[in-house]
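Asks: In the working numbering, the protein residues as written are 610 to 1011. Even for Gly, the Cβ is constructed at its ideal location relative to N, Cα and C. Got a structure for you, questions after.
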Ligand code: FEO
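Printed below as a string of structure tokens:
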């Protein structure tokens, strides 16, 4: 049975959801599933915008067939060639052999890397800013390289002001009938998943997101249709502001996320004590994670959200505990900057954790170390509590400064 929605006259959502997939990109947990959005415009000419992941291919093809209602498909616009969106291209070409595949030079390079079927006679290679008339609707193409791959482009439908934005403005989380963000309790259901998606999937490419956003400064966008998550048709400023902030690596709010590695609970004890001391000083909304327990994507999301971090780790093999090492290296690879960080290390016979943290943190831009790093020897003895108090004072002062 098909499952489609007309989102605006002659423009249909023909995507679907996967609630069974354990991990997106085989890496990121999906407790609430994920949606793969594709859109079909049925004007004098018909145009499909992107396809979907192979996991929902059968439903997707039923959706497209239903909306076309016997008509042929004139265009398939390929905004992004990652397999969660390009998986059905060959099947579309087999079903609609005269369809023109709309993409750029890189699109077709990647298409040939993924597919063996020669589809070159279907190519319609477009240039930046080129327009394609469908009747009442006209598509204009904007290249958005590295948001999230080099071939990515955004397709803007001029008559209704719809931005088909590929991965940009996307989110983890399946759609449950309500496809519009304004029909959903977005703050409770999607806000965190939207940030987790951005930080982990697109976070590395903040500069390129900024470059893409600049292209639309004078463009009247009335609807944003991403390939994942809800469609934006109201209060677009909300998500545009979030994207602007996230892509400039600026925290959303003043607050502290503490995360630690702990083999026998001693580093954990210090982190708990520090969290309590911060709470006693009036700091609210404290986040505290064990890196061996919580998937790093959730910690990365909170690091993107908050201004301050406290990192706690034991020494392992005379260096940094490797789960923490991997997390910090990922934060560095994602280009994290503009944060205030406090450090707590632990060791019994060779101090290496704080040195290891510094090695990675020093690769990040505009980082301020708050308070004196605290290097614990196995357990924190009562006589060293003043050092922990001093660290709590320094974090409190930094969080509450104007
Ligand atoms: Fe949803 Fe970059 O693919």
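(1) Under a three-way DSSP split, which group does residue 712 fall into?
(2) Let me know if residue 728 comes out buried or exposed under the rule of 16 or more other beta-carbons within 10 Å of its beta-carbon.
(3) Exposed or buried, residue 823, counting other C-beta atoms within 10 Å across all chains shown (16 or more means buried)?
(4) Assuming the contact rule is C-beta atoms closer than 8 Å, residue 658 and residue 619 should be a hit. Round their C-beta distance to whole Å, please.
(5) Of all the beta strand (DSSP E) runs that stay within the bounds of the stretch 860–943, which reach a length of 3 or more residues?
(6) Spatial neighbours of residue 676 within its chain, please: CB distance less than 7 Å, with the 5 preceding and 5 following residues excluded, ordered by chain position.
(7) Can you tell me whether residue 827 is buried or exposed, with buried defined as 16 or more other CB within 10 angstroms of its CB?
(8) Does the ligand FEO have even one heavy atom less than 7 Å from the beta-carbon of residue 758?
(9) Residue 799 and residue 839: beta carbons closer than 8 Å?
(10) Does the beta-carbon of residue 965 have 16 or more other beta-carbons within 10 angstroms, so that it is buried, or is it exposed?
(11) My output table needs one value for residue 1091: the three-state DSSP class, helix, strand or coil.
(12) Is there at least one non-hydrogen atom of the ligand FEO closer than 7 Å to the beta-carbon of residue 686?
(13) Considering only the beta carbon of each residue, do residue 895 and residue 936 sit closer than 8 Å?
(14) Please confirm if the stretch 625–638 is in contact with the stretch 840–847, defined as three or more CB-CB distances below 8 Å between the two stretches.
(15) If you reduce the DSSP assignment to three classes, tell me which class residue 855 lands in.
(16) Would you report the Cα separation of residue 682 and residue 655, rounded to the nearest angstrom?
(17) So is the beta-carbon of residue 1002 under 7 Å away from any non-hydrogen atom of the ligand FEO?
(18) Can the beta-carbon of residue 963 be found closer than 8 Å to that of residue 934?
(19) Compute the distance between the beta-carbons of residue 653 and residue 743, then report whether it is under 8 Å.
(20) Considering residue 1009, what are the terminal residues of the alpha helix (DSSP H) in which it resides?
(21) Identify the continuous alpha helix (DSSP H) that holds residue 808 and give its terminal residues.
(22) Of the choices 892, 836 and 917, whose alpha-carbon is the least far from that of residue 1016?
(23) Buried or exposed: where does residue 738 fall if 16 or more other Cβ atoms within 10 Å of its Cβ makes it buried?
(24) Sort 927, 987, 920 and 986 by Cα distance to residue 979 and report the nearest one.
(25) Can you have a look at residue 644 and say buried or exposed, based on whether 16 or more other CB atoms are within 10 angstroms of its CB?
(26) List the residues that DSSP assigns as beta-bridge partners of residue 955.
(27) Which of the three DSSP states is assigned to residue 632 in this structure?
(28) If we ignore side chains and look at the alpha-carbon of each, how far apart do residue 689 and residue 774 end up?
(29) Under 7 Å: does the beta carbon of residue 939 sit that close to some heavy atom of the ligand FEO?
(30) By Cβ distance, which residues of its chain are closer than 8 Å to residue 881, with the 5 residues on each side in sequence left out?
(31) Would you say residue 982 and residue 944 are within 8 Å of each other, going by their C-beta atoms?
(32) Can you say whether residue 949 is buried or exposed, counting buried as having 16 or more other CB atoms within 10 angstroms of its CB?
(33) What residue range does the beta strand (DSSP E) around residue 738 cover?
(34) Distance, Cα to Cα, residue 931 vs residue 769?
(35) Just checking residue 631 against the ligand FEO - is the residue's beta carbon closer than 7 Å to any of the ligand's heavy atoms?
(36) At 4 residues or longer, and completely inside the stretch 779–855: list those alpha helix (DSSP H) runs for me, N to C.
Replies: Looking at the coordinates:
(1) strand
(2) buried
(3) exposed
(4) Rounded, the Cβ-Cβ distance is 13 Å, inconsistent with contact.
(5) 862–869, 896–899 and 915–925
(6) 613, 621, 623, 649 and 651
(7) exposed
(8) yes
(9) yes
(10) buried
(11) Given a span of 610 to 1011 for the chain in the structure shown, any question on residue 1091 remains unanswerable.
(12) no
(13) no
(14) no
(15) helix
(16) 5 Å
(17) no
(18) no
(19) yes
(20) 994–1009
(21) Neither: residue 808 is in no alpha helix (DSSP H) and is coded neither H nor E.
(22) Because the chain spans 610 through 1011 in this model, residue 1016 falls outside it and cannot be assessed.
(23) exposed
(24) 920
(25) buried
(26) 923 and 985
(27) strand
(28) 9 Å
(29) no
(30) 897
(31) no
(32) buried
(33) Element bounds for residue 738: n/a, residue is neither H nor E.
(34) 51 Å
(35) no
(36) 795–798, 800–806 and 815–823
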